[in-house]
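The block underneath contains the structure these notes are about, expressed in structure tokens.
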Amino acid sequence: MNMVPRNTVADSALLREDLAAAFRLCHRFGWSESVGNHFSAAISEDGRRFLLNRCWQHFATIRPGDLLELDLDAPPDMDGPEAPDRSAWAVHGTLHRDAPQARVVLHCHAPYATALACLKDPTLLPIDNNTARFFGRVGYDLEFGGISDSEEEGAHLVKALGDKSVLVMGNHGVSVTGDTVADAFEDLYFFEKAAQTLILAKSTGDALAVLDDDVARNTAEGWLAYRGMAQRHFDYLKSTLDQEDAGWRG
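Taking the working numbering, the leading residue of the sequence shown gets 41, the next gets one more, and so forth.
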């Protein structure tokens with residue numbers, strides 16, 4: 041029997057709630073930046089319809105009903121009151137259209153992930169469990185060209201992402217994709233921890249004890265059995281939001 045994953049087209053109300061929670065949690069962890077950056081989630085199988093945060097609404101204030109429902113086949117009036125941020129429309133729209141396997145796309149400038157992205161060689165080296173978690177799963181775009189606000193830039197990022205689930209955007213930040221909001225947020229959480237570990241280890245100036253490819257690959261594959269952690273962790277984090285503001289789900 042084929043089970044429909046949580047947070048797919050089958051449950052758009054829950055998808056809205058989980059995406060709203062991801063915004064608020066991103067701010068709580070210190071990964072938000074003024075009223076910029078964007079998270080999105082596909083609500084159609086082909087990715088052409090998706091949810092996206094409103095232009096310049098602070099992450100800490102987003103509720104499920106605030107999310108825009110956009111359709112690539114019916115572009116919004118970009119000068120209207122309900123227009124999304126132009127960069128978000130160009131990049132997230134192109135990603136969902138051309139990489140429909142990326143059901144959820146979380147983009148932010150988390151401090152350590154961004155620091156990693158600013159290195160001449162931003163490769164996430166496997167030096168522990170968390171860094172090895174991403175072995176073989178990271179794409180790299182080292183051609184920063186300023187604000188990403190064109191469909192051409194979106195296509196460029198789709199190519200850089202390829203068949204990976206994480207994209208390190210050189211001199212910029214990180215974008216993480218996943219089947220569900222919980223999965224994507226868990227990878228964002230662990231990627232930031234992994235980047236922190238690598239940056240701190242590099243800061244000592246001592247040689248790194250990098251795992252060989254076989255061990256790193258085995259570690260990454262070993263993490264697959266623990267993917268259920270994501271939903272449990274995300275459910276807990278949502279419960280802490282309830283304690284702070286019981287109305288955030290409204």
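For glycine and all other residues, C-beta sits at the position ideal for the given N, C-alpha and C.
Beta carbon of residue i nearer than 8 Å to that of residue j
i           : j           : result
residue 181 : residue 159 : no
residue 167 : residue 127 : no
residue 56  : residue 107 : yes
residue 143 : residue 260 : no
residue 10  : residue 234 : What the structure shows of the chain is the stretch from 41 to 290, and residue 10 is not part of that stretch, so it cannot be assessed.
residue 274 : residue 222 : yes
residue 213 : residue 154 : yes
residue 131 : residue 97  : no
residue 61  : residue 238 : no
residue 201 : residue 139 : yes
residue 204 : residue 179 : yes
Whole-angstrom distance between residue j and residue i, CA atom to CA atom
i           : j           : result
residue 80  : residue 161 : 28 Å
residue 129 : residue 136 : 10 Å
residue 124 : residue 250 : 43 Å
residue 218 : residue 105 : 22 Å
residue 269 : residue 110 : 31 Å
residue 121 : residue 94  : 10 Å
residue 115 : residue 169 : 43 Å
residue 42  : residue 241 : Unreliable positioning characterises residue 42 in this predicted model, as indicated by a pLDDT of 35, which lies under 50. A coordinate reading is not provided.
residue 184 : residue 197 : 10 Å
residue 277 : residue 227 : 14 Å
residue 253 : residue 165 : 10 Å
residue 101 : residue 193 : 29 Å
residue 215 : residue 229 : 12 Å
residue 87  : residue 67  : 26 Å
residue 152 : residue 271 : 24 Å
residue 199 : residue 289 : 36 Å
residue 279 : residue 287 : 12 Å
residue 262 : residue 89  : 34 Å
residue 117 : residue 265 : 45 Å
residue 103 : residue 243 : 39 Å
residue 267 : residue 247 : 32 Å
residue 119 : residue 209 : 28 Å
N-terminal and C-terminal residue of the alpha helix (DSSP H) that residue i is part of
i           : result
residue 175 : Where residue 175 is concerned, there is no enclosing alpha helix (DSSP H), given that its DSSP letter is neither H nor E.
residue 135 : 126-138
residue 67  : 52-68
residue 227 : 221-243
residue 156 : 151-157
residue 198 : 191-201
Top-ranked residue by Cα proximity to residue i, from the options
i           : options            : result
residue 53  : 173, 252, 83       : 83
residue 72  : 279, 244, 146      : 146
residue 190 : 165, 134, 287      : 134
residue 211 : 99, 156, 62, 65    : 156
residue 77  : 140, 68, 92        : 92
residue 284 : 58, 59, 51, 64     : 64
residue 99  : 148, 267, 89, 265  : 148
residue 258 : 205, 220, 171      : 171
residue 150 : 205, 231, 195, 245 : 231
residue 141 : 255, 103, 220      : 220
C-beta neighbour in chain C for residue i, strict 8 Å
i           : result
residue 261 : In the structure shown, chain C cannot be found, because there is only a single protein chain.
Span of the beta strand (DSSP E), counted from its first residue to its last, around residue i
i           : result
residue 209 : 206-209
residue 111 : 108-111
residue 92  : 89-92
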